[in-house]
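Structure record follows, encoded as structure tokens.
Number of protein chains: 2
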Amino acid sequence: MTATPYAQIQTRFGRLGALGEAQSILHWDNATQMPDGGADARAEQMAVMELIQHEMLTDAAVPDLLDAASAQNDLDDWQRANLREMRRSWLHATAVPADLVEASSKASSACEMAWRNARPANDYAGLLPAFKEVLRLTREIAVAKAERLGKTPYDALLDQYEPDGSSEVIDRIFGTLAQSLPGLIDAALSRQAQRPAPLATEGPFPVETQRVVAVKLMEQIGFDFDHGRLDISHHPFSGGTPDDVRITTRYDEDDFRRGMMGVLHETGHALYERGLPALWRRQPVGHARGMSLHESQSLLLEMQVCRSLAFHEFAAPILRDTFGRSGPAWDAENLYRLNTQVARSLIRVDADEVTYPAHVILRYRLERSLLTGDLTLEDLPAAWNDGMRDLVGIVPPDNRQGCLQDIHWFDGAFGYFPTYTLGAMTAAQLFDAAQRTDASIAPGIAKGDFAPLFAWLRVNVHGKASRFSTTEIIEQATGKPLDPAIFERHLRARYIEA
Amino acid sequence: MTATPYAQIQTRFGRLGALGEAQSILHWDNATQMPDGGADARAEQMAVMELIQHEMLTDAAVPDLLDAASAQNDLDDWQRANLREMRRSWLHATAVPADLVEASSKASSACEMAWRNARPANDYAGLLPAFKEVLRLTREIAVAKAERLGKTPYDALLDQYEPDGSSEVIDRIFGTLAQSLPGLIDAALSRQAQRPAPLATEGPFPVETQRVVAVKLMEQIGFDFDHGRLDISHHPFSGGTPDDVRITTRYDEDDFRRGMMGVLHETGHALYERGLPALWRRQPVGHARGMSLHESQSLLLEMQVCRSLAFHEFAAPILRDTFGRSGPAWDAENLYRLNTQVARSLIRVDADEVTYPAHVILRYRLERSLLTGDLTLEDLPAAWNDGMRDLVGIVPPDNRQGCLQDIHWFDGAFGYFPTYTLGAMTAAQLFDAAQRTDASIAPGIAKGDFAPLFAWLRVNVHGKASRFSTTEIIEQATGKPLDPAIFERHLRARYIEA
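As they're listed, the protein sequences go chains A and B.
For the first sequence, the working numbering assigns the number 27 to the initial residue and increments by one for each residue that follows.
For the second sequence, the working numbering assigns the number 27 to the initial residue and increments by one for each residue that follows.
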């Protein structure tokens, strides 16, 4: 008996999924285990795996199989959604000529390498030639994908990270937020100034003890160490596969809070991956939906849950016991204050929950203008500084702390930035709906019982994988599309009205 | 311009090589990092990578490309040797029908799983059905490969591990050794009995300190930690890739010598991989020659070098300083005696240098008889015990310590065992030739200077990769084919005449 077209295409994508999982483990190995001298051989291994996947995906048989499978009348909804996601992958892979993909990949690698030196040297001018080449090729890719996908060039890039994302929607949402944000920041800072400054928790905090704390919290929250690991890397990330989730952090012996919050953030990502439906493992429909929903899961845990006063009531005794400390600095209330300090700051990755969206809106606006050509790379530093003044209220003294700070653009990643703040908003909206649906969620957190929350997330987010669009998942879970007012209400409640 | 057939086939095998490297890192991850819950997904990843490699290798285009490339008159000797090795891979891959490969792979997995329980339970009878199926399918594979390769069935299996290996040659060499070995063992034990027993080194030896010792010795010997790692696994091995060699060991807090000798053994494997010619990386001709030569490199370092009195003169002060010990037990001479104790024992992996070949010759003879059908699996335990009596001089009290002890056969690996002792003999012969060629090698070892030895090995073994056959490499390096008399002379010199 011959396999049906659907069965054939599912087998092909299952193999692609298995190769993707293998790459994900190798990527983790790169960041956590590999000696430096292994880099060239690893790059070769990864390039070959990339090439094989590209060939499997762009094979001449794929479009016919997709069409024939779509014509089958014996498919269920998940299978139809799987075909839709396969077609999306195939469209992206075939939209751009191979030589353009290769040129862009090389230009991005070269520019990223140059950026690693240019940033500490504050040398934007020196980076400009490489950066121009990256932008030129990214524009070409955007135009090619736009034509194929029937989208604007920016939305075609955005679609790589945020399937079906729309800059029209983002413009509206970010426009609303940008109007209220400067006032919100002012108000949060005024409210903060009315309270005594929180007491510092004095170090040192040995790395081993910080790890013990991290593991205790992760286990309590529901991370299963039989299906995952916690390691150290220079840049924290969540990687691996749904059955073997590998998160990383870095520890600062003077300040345990940064490493701990990093772990909690990555644990949110990890539990999303772990909660994806095992039945659809390695199939496109079984993958996480997109970057904004992924970020919503890390931010829901880190920001909504773990920076709440309730969470600190549960966590404070664990911190006191494990670090062997006591005194007023280690009260839940004081720790909560420390973890919710607001400040106008220059660096996005160090920004607090209130000012963070301003950093993102700036980057979103700039990258759109760069892509259309309304803004030139020569004018980027000045535009950056103007935007920082308007949105955050401070101006970087140099490009190192300005437009050179993030790797994304120099690595060719345009269209990624908005997902951070879409994720923060989605997190607020999901957590709000979850609490209203299940009254045991909020009191559970203060007692260290996260089961009700994750039961809700499994059903409403994790288990849906890519069965629906991000917008559909949000609407099904919360009763309405993404609404920036809910996020604003959260900020007001925590930072202004409390 | 179209690529030549040679260039095309080299590209294809380069991709195969890159996938093989990726698999090797994933295998290391399996053994050292992966949480148990990741096993099923990892098996799926590995199976897909295996399948893709099989498809690339058995593709209909391969034989035509091999023929066309062989007809090119612009190839150098390395390229011709590369084609020869490609053809060997292709012959092995296409010799056996896919369904037989799959049946054998499944039967071996099932039998290996059953063996993990049957061994501790001493249940040979219970394992028999699964073991029979493995042997039946292995015979079928041997016959299929024999026909394709123009070899006997046993030699066709041997060729997988020891390219161009010949049981006719092994019969002769092992025959010579088997005649003298019982007498050698008797004489070594008598000589040992004349000396006072060496003093024990008393533990405990913390794992961390043992690791410090291991790293010091590895670095001194020439292991480059910029291109490799040392980790812990249940079964020590040398894995990874030539640019990123990953060796493992296990530590016993009561006895540092076992872990240390394990590290030195794996370091020998690692330095062979690391010394393979970078120009031929990921090509068949650039791979290590075969298992006997690989084992010769680990045994040359472990047995010839690191169990010598000279090495202990260098290592004893490091051991004393790092473990913080002193006294007569820690003299070079006493440590040397500890590391060269001889005993009739039941378990191959615990055997000393003198008795080890007897364990191997027994297995070699038995596996040949099993393959021809001259010995049935029902009669294996009795034949094992008879062989132990004749060759080693003791009889196992049960099958757990007898024919159930090694994983090889139960996992379908017939034809592997002889490479251990061929490796030990090759090690003796290479080390003998090296010392006669360069008079600075022997005094270097006592001073911790291993550079002269490895300079010789790089030129005469490592750098040749698979450019020549094992026999050719031995002849070029030592002036004659493998000669068991040199190994015997080494045993007599160290264990009987000293």
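We put the CB at the ideal spot given by N, CA and C, even for glycine.
Return the residue from the list A/Cys137, A/Asp149, A/Phe231, A/Ala147 that minimises the CA-CA distance to glutamate 159 of chain A. Stepping through the first sequence from its first residue, residue 159 of chain A is reached at position 133. Minimum Cα distance to glutamate 159 of chain A is reached at A/Cys137.
Within chain B, the residues that phenylalanine 39 of chain A reaches when beta carbons sit closer than 7 Å: Start at 1 with the first residue of the first sequence, and residue 39 of chain A comes out as number 13. Going along chain B, no residue has its Cβ under 7 Å from phenylalanine 39 of chain A, so there is no contact; the nearest lies around 11 Å.
Proximity winner among B/Tyr390, B/Leu388, B/Arg391, B/Arg370, relative to threonine 381 of chain B (alpha-carbon distances): As a working note, residue 381 of chain B is residue 355 in the second sequence. Proximity to threonine 381 of chain B across B/Tyr390, B/Leu388, B/Arg391, B/Arg370 peaks at B/Arg370, based on C-alpha coordinates.
For aspartate 264 of chain A, which of helix, strand or coil comes out of DSSP? Position 238 of the first sequence, counted from the start, is the residue given in the question as residue 264 of chain A. Reading off the sequence, residue 264 of chain A comes out as serine, not aspartate. Looking at serine 264 of chain A - three-state DSSP - the assignment turns out to be strand.
How long is the line joining the alpha carbons of leucine 153 of chain A and tryptophan 141 of chain A, rounded to whole angstroms? The count along the first sequence starts at 1 and reaches residue 153 of chain A at position 127. The count along the first sequence starts at 1 and reaches residue 141 of chain A at position 115. Leucine 153 of chain A and tryptophan 141 of chain A: Cα-Cα distance of roughly 7 Å.
Contact check, aspartate 190 of chain B vs leucine 175 of chain B, beta carbons under 8 Å: For the purposes of this step, residue 190 of chain B is taken as the residue at position 164 of the second sequence. For the purposes of this step, residue 175 of chain B is taken as the residue at position 149 of the second sequence. Their beta carbons are not under 8 Å apart, which means aspartate 190 of chain B does not touch leucine 175 of chain B by this criterion.
Can you give the beta carbon distance from phenylalanine 457 of chain A to phenylalanine 157 of chain A, rounded, assuming they're within the 8 Å contact cut? Residue mapping note: residue 457 of chain A aligns to position 431 of the first sequence, counting from 1. Residue mapping note: residue 157 of chain A aligns to position 131 of the first sequence, counting from 1. About 38 Å separates the two Cβ atoms, so there is no contact after all.
Going by Cα to Cα distance, which pick from A/Leu117, A/Ala97, A/Arg307 is closest to glutamate 70 of chain B? Translated into the one-based positions of the second sequence, residue 70 of chain B becomes position 44. That would be A/Arg307, whose Cα lies nearest to the Cα of glutamate 70 of chain B.
Is there a Cβ from chain A that is less than 8 Å from the Cβ of leucine 45 of chain B? Indexing the second sequence from 1 puts residue 45 of chain B at position 19. Taking Cβ atoms only, chain A reaches closer than 8 Å to leucine 45 of chain B, which makes this a yes.
Measure the Cβ-Cβ separation of histidine 488 of chain A and glycine 248 of chain A and say whether it is below 8 Å. Locating residue 488 of chain A in the first sequence gives position 462, where the first residue counts as 1. Locating residue 248 of chain A in the first sequence gives position 222, where the first residue counts as 1. No, the Cβ-Cβ distance between histidine 488 of chain A and glycine 248 of chain A is not below 8 Å.
List, from N- to C-terminal side, the alpha helix (DSSP H) runs of 4 residues or more that fit wholly inside the stretch 328-401 of chain A. You should have 335-349, 358-364, 382-398.
On a CA-only basis, which of B/Met72, B/Ile500, B/Gly43 is nearest alanine 44 of chain A? Give me that one, please. Locating residue 44 of chain A in the first sequence gives position 18, counting from the first residue. Closest option to alanine 44 of chain A, Cα to Cα, is B/Met72.
For phenylalanine 480 of chain B, I'd like the list of residues in its chain whose CB is within less than 6 Å of its CB, leaving aside the five on either flank, ordered along the chain. Locating residue 480 of chain B in the second sequence gives position 454, where the first residue counts as 1. If we look at phenylalanine 480 of chain B and ignore the five residues flanking it on each side, its Cβ neighbours are Gly248.
Could you check whether the Cβ of aspartate 270 of chain B sits closer than 8 Å to any Cβ belonging to chain A? The sequence position of residue 270 of chain B within the second sequence is 244, counting from 1. Contact of aspartate 270 of chain B with chain A is assigned, a C-beta pair being separated by under 8 Å.
Inter-residue Cα distance where the pair is threonine 293 of chain A and serine 324 of chain A: Residue mapping note: residue 293 of chain A aligns to position 267 of the first sequence, counting from 1. Residue mapping note: residue 324 of chain A aligns to position 298 of the first sequence, counting from 1. About 7 Å.
Using a Cβ-Cβ cut-off of 6 Å (strictly less than) and excluding sequence neighbours within five positions of glutamine 205 of chain B, which residues of its own chain qualify? Residue numbering aside, residue 205 of chain B sits at position 179 when the second sequence is read from its first letter. Here the set comprises nothing.
Please go through the same chain and pick out, in chain order, the residues whose beta-carbon is closer than 7 Å to the beta-carbon of serine 115 of chain B, but skip the five residues on each side of it. Along the second sequence, one-based indexing puts residue 115 of chain B at 89. The residues are Leu83, Pro310.
Where leucine 91 of chain A and leucine 109 of chain A are concerned, what is the direct C-alpha to C-alpha distance, given to the nearest angstrom? Numbered from its first residue, the first sequence carries residue 91 of chain A at position 65. Numbered from its first residue, the first sequence carries residue 109 of chain A at position 83. As the crow flies, the alpha-carbon of leucine 91 of chain A is around 10 Å from that of leucine 109 of chain A.
Please determine, among A/Leu430, A/Arg394, A/Thr452, the residue with the shortest C-alpha to C-alpha distance to leucine 183 of chain A. One-based indexing of the first sequence puts residue 183 of chain A at position 157. Per the C-alpha coordinates, the member of A/Leu430, A/Arg394, A/Thr452 positioned closest to leucine 183 of chain A is A/Arg394.
Enclosing beta strand (DSSP E) for glycine 254 of chain B [first to last residue]: As a position in the second sequence, residue 254 of chain B is number 228, starting the count at 1. First-last of the beta strand (DSSP E) with glycine 254 of chain B: 254-258.
Going by C-alpha distance, which of A/Leu335, A/Arg165, A/His291 is nearest isoleucine 471 of chain A? As a position in the first sequence, residue 471 of chain A is number 445, starting the count at 1. With distances taken between Cα atoms, isoleucine 471 of chain A lies closest to A/Leu335.
Does valine 331 of chain A get closer than 8 Å to chain B when you measure Cβ to Cβ? Here residue 331 of chain A refers to the residue found at position 305 of the first sequence. Chain B, which has no Cβ nearer than 8 Å to the Cβ of valine 331 of chain A, makes this no.
Does the structure place the stretch 491-502 of chain B close enough to the stretch 355-370 of chain B that three or more beta carbon pairs sit under 8 Å? no
What residues of chain B sit near glutamine 71 of chain A, judged by a beta carbon separation below 7 Å? Here residue 71 of chain A refers to the residue found at position 45 when the first sequence is read from its first residue. Ordered by position in chain B, the residues that pass the 7 Å Cβ test against glutamine 71 of chain A are Ala44, Glu47, Ala48.
Measure from the C-beta of glycine 505 of chain A to each C-beta in chain B and report whether the shortest distance is under 8 Å. As a working mapping, residue 505 of chain A is identified with position 479 in the first sequence. Output row for glycine 505 of chain A: interface = no.
Report back the beta-carbon spacing between alanine 133 of chain A and tyrosine 521 of chain A to the nearest angstrom; my notes put them in contact at under 8 Å. The residue you call residue 133 of chain A lines up with position 107 of the first sequence. The residue you call residue 521 of chain A lines up with position 495 of the first sequence. About 42 Å; that fails the 8 Å criterion.
May I ask you to report which of helix, strand or coil DSSP gives threonine 275 of chain B? For the purposes of this step, residue 275 of chain B is taken as the residue at position 249 of the second sequence. Note: threonine 275 of chain B maps to strand in three-state DSSP.
Integer Cβ distance of leucine 388 of chain A from leucine 396 of chain A, believed to fall under 8 Å: What you label residue 388 of chain A is simply residue 362 of the first sequence in a count that begins at 1. What you label residue 396 of chain A is simply residue 370 of the first sequence in a count that begins at 1. Not quite, the Cβ-Cβ distance comes to about 12 Å (not below 8 Å), so this is no contact.
Which residues does DSSP list as the beta-bridge partners of aspartate 125 of chain A? For the purposes of this step, residue 125 of chain A is taken as residue 99 along the first sequence, with counting starting at 1. According to DSSP, aspartate 125 of chain A bridges with nothing at all.
Report the option in B/His260, B/Met287, B/Gly266 whose CA atom is closest to the CA atom of phenylalanine 276 of chain B. Working through the second sequence from its first residue, we reach residue 276 of chain B at position 250. The displayed chain sequence assigns arginine, not phenylalanine, to residue 276 of chain B. Comparing Cα-Cα distances from arginine 276 of chain B to each of B/His260, B/Met287, B/Gly266, the minimum goes to B/His260.
Tell me where the alpha helix (DSSP H) around valine 479 of chain A begins and ends. Counted from its first residue, the first sequence places residue 479 of chain A at position 453. The residue asked about is misnamed: residue 479 of chain A is leucine in this sequence, not valine. Run containing leucine 479 of chain A: 477-486, per the alpha helix (DSSP H) assignment.
What number of angstroms, rounded off, separates the C-alpha of glutamate 81 of chain A from the C-alpha of proline 510 of chain B? Residue numbering aside, residue 81 of chain A sits at position 55 when the first sequence is read from its first letter. Residue numbering aside, residue 510 of chain B sits at position 484 when the second sequence is read from its first letter. So the alpha carbons of these two residues sit roughly 52 Å apart.
With DSSP as the reference, label aspartate 212 of chain B as helix, strand or coil. Against the second sequence, residue 212 of chain B aligns to sequence position 186. Three-state result, aspartate 212 of chain B: helix.
Since I believe methionine 317 of chain B is in contact with glycine 445 of chain B (beta carbons under 8 Å), could you give me their beta-carbon distance rounded to a whole number of angstroms? In the second sequence, residue 445 of chain B corresponds to position 419, counting from 1. In the second sequence, residue 317 of chain B corresponds to position 291, counting from 1. According to the sequence displayed, residue 445 of chain B carries threonine and not glycine. Going by Cβ atoms, the distance from threonine 445 of chain B to methionine 317 of chain B rounds to 4 Å, so yes, they are a contact pair.
Mind checking if aspartate 125 of chain B is an interface residue toward chain A, Cβ cutoff 8 Å exclusive? Walking along the second sequence from the start, residue 125 of chain B turns up at place 99. Cβ-Cβ to chain A under 8 Å: no for aspartate 125 of chain B.
Please go through the same chain and pick out, in chain order, the residues whose beta-carbon is closer than 6 Å to the beta-carbon of threonine 164 of chain B, but skip the five residues on each side of it. Counted from its first residue, the second sequence places residue 164 of chain B at position 138. Here the set comprises Gly438, Phe440.
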